[in-house]
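The structure under discussion appears below in the form of structure tokens.
2 protein chains.
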Amino acid sequence: MVPSGPGEGPSRYSSRHGTGRGCMNPVLVEALRGGVRESAHRGAVAVVDADGHVVATIGDIERPIFPRSAVKVLQALPLVESGAADRLNLGDEELAVACASHNGEPEHVAVVARMLAKAGLDAGALECGAHWPYREKVQRDMARAGIEPSALHNNCSGKHAGFLCVACQLASQPGAGVDRSGLRRFAAGYVGPAHPVMREVTASLQAATGFDLDQAARGTDGCSIPTFAIPLRHLALAFARVGTGAHWPAGRAAAAQRLRVAVARHPFMVGGSDRFDTRVMQRLGERVFCKVGAEGVFCAALPGRGLGVAIKMDDGNNARAAEVAMAAAIEACVDLDDGEAQFMRGLSDVTLRNWNGIEVGALRAAAELREKLG
Amino acid sequence: MVPSGPGEGPSRYSSRHGTGRGCMNPVLVEALRGGVRESAHRGAVAVVDADGHVVATIGDIERPIFPRSAVKVLQALPLVESGAADRLNLGDEELAVACASHNGEPEHVAVVARMLAKAGLDAGALECGAHWPYREKVQRDMARAGIEPSALHNNCSGKHAGFLCVACQLASQPGAGVDRSGLRRFAAGYVGPAHPVMREVTASLQAATGFDLDQAARGTDGCSIPTFAIPLRHLALAFARVGTGAHWPAGRAAAAQRLRVAVARHPFMVGGSDRFDTRVMQRLGERVFCKVGAEGVFCAALPGRGLGVAIKMDDGNNARAAEVAMAAAIEACVDLDDGEAQFMRGLSDVTLRNWNGIEVGALRAAAELREKLG
Chain A
1 MVPSGPGEGP SRYSSRHGTG RGCMNPVLVE ALRGGVRESA HRGAVAVVDA DGHVVATIGD
61 IERPIFPRSA VKVLQALPLV ESGAADRLNL GDEELAVACA SHNGEPEHVA VVARMLAKAG
121 LDAGALECGA HWPYREKVQR DMARAGIEPS ALHNNCSGKH AGFLCVACQL ASQPGAGVDR
181 SGLRRFAAGY VGPAHPVMRE VTASLQAATG FDLDQAARGT DGCSIPTFAI PLRHLALAFA
241 RVGTGAHWPA GRAAAAQRLR VAVARHPFMV GGSDRFDTRV MQRLGERVFC KVGAEGVFCA
301 ALPGRGLGVA IKMDDGNNAR AAEVAMAAAI EACVDLDDGE AQFMRGLSDV TLRNWNGIEV
361 GALRAAAELR EKLG
Chain B
1001 MVPSGPGEGP SRYSSRHGTG RGCMNPVLVE ALRGGVRESA HRGAVAVVDA DGHVVATIGD
1061 IERPIFPRSA VKVLQALPLV ESGAADRLNL GDEELAVACA SHNGEPEHVA VVARMLAKAG
1121 LDAGALECGA HWPYREKVQR DMARAGIEPS ALHNNCSGKH AGFLCVACQL ASQPGAGVDR
1181 SGLRRFAAGY VGPAHPVMRE VTASLQAATG FDLDQAARGT DGCSIPTFAI PLRHLALAFA
1241 RVGTGAHWPA GRAAAAQRLR VAVARHPFMV GGSDRFDTRV MQRLGERVFC KVGAEGVFCA
1301 ALPGRGLGVA IKMDDGNNAR AAEVAMAAAI EACVDLDDGE AQFMRGLSDV TLRNWNGIEV
1361 GALRAAAELR EKLG
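Each protein sequence line maps, in turn, to chains A and B.
Read in our numbering, the first sequence has 287 at position 287, and its numbers run on one by one without any break.
Every number in our numbering is 1000 more than the matching position in the second sequence, counting from 1.
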């Protein structure tokens, strides 16, 4: 039942051709106003166990999609497996921020800077680019304090600091011919697909998903690293194994567990204030490891049930669509007490209020999504 | 050919029931990465002339949708028709900002404050609520200057100032029994559907669209006024008449023309820096009056061709979906010289770059949209 290479599952519609009028993904999330549906979000969901059995499927889970930042934990496996985390004495906060799409809050920036310092590097080595933090309040706080954004504020800076720690490890290996002062030069260009660091990262992604990335469509991510199109079924399988380690070599399984535990201990590091991932993991602890990606992608490991979940919204909407769908999936697949269930329902059936605090509508998981998730 | 009340056109699918798997709106806009479609936006488009003839139709144009802020020009008609604009000596900037969803930039705030002062009121009379300006740079500039947001910064503050000017006019009518000092009390609650001001505004919307709003689904907008669900065909008809005045009483036709000309003279007032509406009208002048609304709605009057356009994206995406679709509609329906056509193509076929400036993909009008728009 382990999924093999591409072309195995029949794709119900091509991503390149046609208008998708034929067999289409259903509505997973709807926005209501005045009691009627104002907008709707279509998408697909795969729930898979660590043996590769598809436990629930909604929409097309065989079409390859770019997972973007949802797979940062898979891209961080080499950081632990290579021995870099041990040699550089990385703690849980640093491992958690390596899996993050963070808000660029002062805590994130400090941990990333510390991580780079442990590798003998600084923000100048980051190749992710700089942007103002996504969280507007953080932008305003920075503006008041006269701080301009650097690459440390980039939501991917922790992942990139992890890549640089891998570079440090590769450079330190016997025969690498890189002395400490040559590290910066060795690491340069690490975002490129042919760089030794990115080759490690890509190999890890391929091993975890069981999908042949040589044959996959490749794009460039917002932070300049390659992103590969992978079917939801394979992504969900990888996350089932992140949660259980089943069918994985001991080193990879241990690395996944260490990253999961690090994030469970420091969920703020993986997102930040008011972020879905952070809030859910603060509440549910190690029972859920979830990670949003750009363009409406969401992946989760549910270790207690041995399941992995992968979601892609057709329209690429994260903040209100993929999150609501993921909340419904967690409600359906995780054993929750009444308080936890109520907390999660507040994320899958959201009252919308306007600037005056007046209730104007709701965002909610569509009936079909709840039915199919059981 | 004038559309009449609801129930006339067969709705191809209900907004209340089912998953919409049957006859569905086509993909109008697609986001590409690495040469493949990463995300897609479905929707519907109506292009209608002032006699009510449907010139082009894509998807379901009979299903009522909430037009939200796209109809601010229709809601501003009473400001001119009632005589308020003349009596209060409102200029073009003030009329333009009454039709705006503005960025909350200093210029917008100043004009709205001036408009309120002409009515003998101030920001305390606004019932739209306060929010930080949508444009992040404006937020940061305010934070640096130590300015907190007020109702003047609300993107709808100009529309609300217009409502208050109508209140001032109604209060001044013989027999109203309201003296100048009683205006604030008379205006209070103007956002409610039963207030004399909102009754004027709703009557104007009904007259302009030819749609029976007593029978329409009603919701509450972000700024607390009612919003009524109206089919795209009726919205496009109203905008065709905004552009031409055909079939309208002389007073309403003149009011629409005065508002259009005011916006064409001050397109910055209707949006602001880097905003689609502002940029397009700065470039094309009176040949286009276009206005975005929340949840993926976009309406336009194209006076030179005597056409109205109304668009609704199923998923509610404005910034990249409704705008790209509207740009394609303008390209198809407006006579443009080469430079103008190139400018508009830059808005309907957008190169996406990441934080490092590397080209990573594109947003573009789908082939089906361009074909059907002819």
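Here a beta-carbon is modelled for each residue, glycine too, at the ideal position from N, C-alpha and C.
Going by C-alpha positions, Val1270 (chain B) is about 10 Å away from Val1292 (chain B). Taking 8 Å as the upper bound for CB-CB distance, Leu121 (chain A) and Leu183 (chain A) are in contact here, some 7 Å apart. Neighbourhood of Gly272 (chain A) in chain B, by CB distance below 8 Å: empty, with the nearest CB roughly 17 Å away.
Your pair Ala56 (chain A) and Val45 (chain A) checks out as a contact, with CB atoms roughly 7 Å apart and the cut at 8 Å. For the C-beta of Glu81 (chain A), not a single chain B residue is nearer than 7 Å; the gap to the nearest is close to 27 Å. Neighbours of Cys223 (chain A) across chain B, judged by C-beta separation under 9 Å: Asn1354, Trp1355, Asn1356. Beyond the five residues adjoining it in sequence on each side, Ser1224 (chain B) comes within less than 8 Å, by CB distance, of Glu1127, Cys1128, Gly1129, Val1191 in the same chain, given in chain order. One Cα belongs to Ala188 (chain A), the other to Thr1351 (chain B), and the distance between them is close to 27 Å. Listed along the chain, the chain B residues whose CB falls inside 8 Å of the CB of Val360 (chain A) are Gly1219, Thr1220, Asp1221, Gly1222. Contact between Pro1226 (chain B) and Thr1202 (chain B) holds, with the beta-carbon distance rounding to 7 Å and staying under 8 Å.
The Cβ-Cβ distance between Ile65 (chain A) and Val297 (chain A) falls below 9 Å.
For the pair Leu1090 (chain B) and Ala1119 (chain B), the Cα-to-Cα distance works out to about 10 Å. Annotated as distal: Ala171 (chain A) and Leu116 (chain A), with beta-carbon spacing of 9 Å or more. Straight-line spacing of the CA atoms in Ala1176 (chain B) and Val360 (chain A) works out to 33 Å. Secondary structure within the region 1266-1323 of chain B: the alpha helix (DSSP H) runs of 4 or more consecutive residues, fully enclosed, are 1267-1270, 1276-1284 (chain order). Taking a Cβ-Cβ threshold of 7 Å, the residues of chain B close to Glu136 (chain A) are Trp1132, Glu1136, Gln1139, in chain order.
Val1191 (chain B) sits in coil when the DSSP states are folded into three classes, being neither helix nor strand.
For Ala44 (chain A), the enclosing beta strand (DSSP E) starts and ends at 36-49. Annotation for Asn318 (chain A): Val292, Gly296 place their beta carbon closer than 6 Å to its own, counting only its chain and skipping 5 residues before and after.
Using a Cβ-Cβ cut-off of 8 Å, Cys1299 (chain B) is close to nothing in chain A; its nearest Cβ partner there is about 16 Å away.
By a beta-carbon distance limit of 8 Å, Ala1143 (chain B) contacts Arg140 (chain A). Their separation comes to about 4 Å.
Where Asp1349 (chain B) is concerned, the enclosing beta strand (DSSP E) starts and stops at 1349-1353. Within the model, the alpha-carbon separation for Pro1249 (chain B) versus Asn356 (chain A) is close to 37 Å. Secondary structure note for Glu368 (chain A): its alpha helix (DSSP H) is the uninterrupted segment 367-373. In the structure shown, Glu1030 (chain B) adopts extended strand secondary structure according to DSSP, grouped into three states. By DSSP's assignment, Ile1230 (chain B) forms a beta bridge with B:Ile1065.
Under a 10 Å Cβ-count criterion, Arg1260 (chain B) is classified as buried, with 16 or more other Cβ atoms of the shown protein chains found around its own Cβ. Glu1107 (chain B) has its alpha-carbon roughly 12 Å from the corresponding atom of Pro1267 (chain B). Residue contact check for Gly1296 (chain B) against chain A: a CB pair falls below 9 Å.
Here Gly308 (chain A) is near Val47 (chain A), since their CB atoms are less than 9 Å apart.
Contacts between Phe66 (chain A) and chain B, judged by CB atoms closer than 9 Å, involve Arg1033, Gly1034, Val1036, Glu1038 in chain order. Put simply, the backbone Cα of Asp1314 (chain B) is about 31 Å away from that of Phe289 (chain A). For Asp314 (chain A), a Cβ of chain B is located within less than 9 Å of the residue's own Cβ.
The contact set of Asn1318 (chain B) on chain A, defined by CB atoms closer than 8 Å, is empty, because the minimum CB distance reaches about 11 Å.
Where Val109 (chain A) is concerned, the enclosing alpha helix (DSSP H) starts and stops at 106-118. When Cβ-Cβ separations below 9 Å define contact, His1234 (chain B) makes no contact with chain A.
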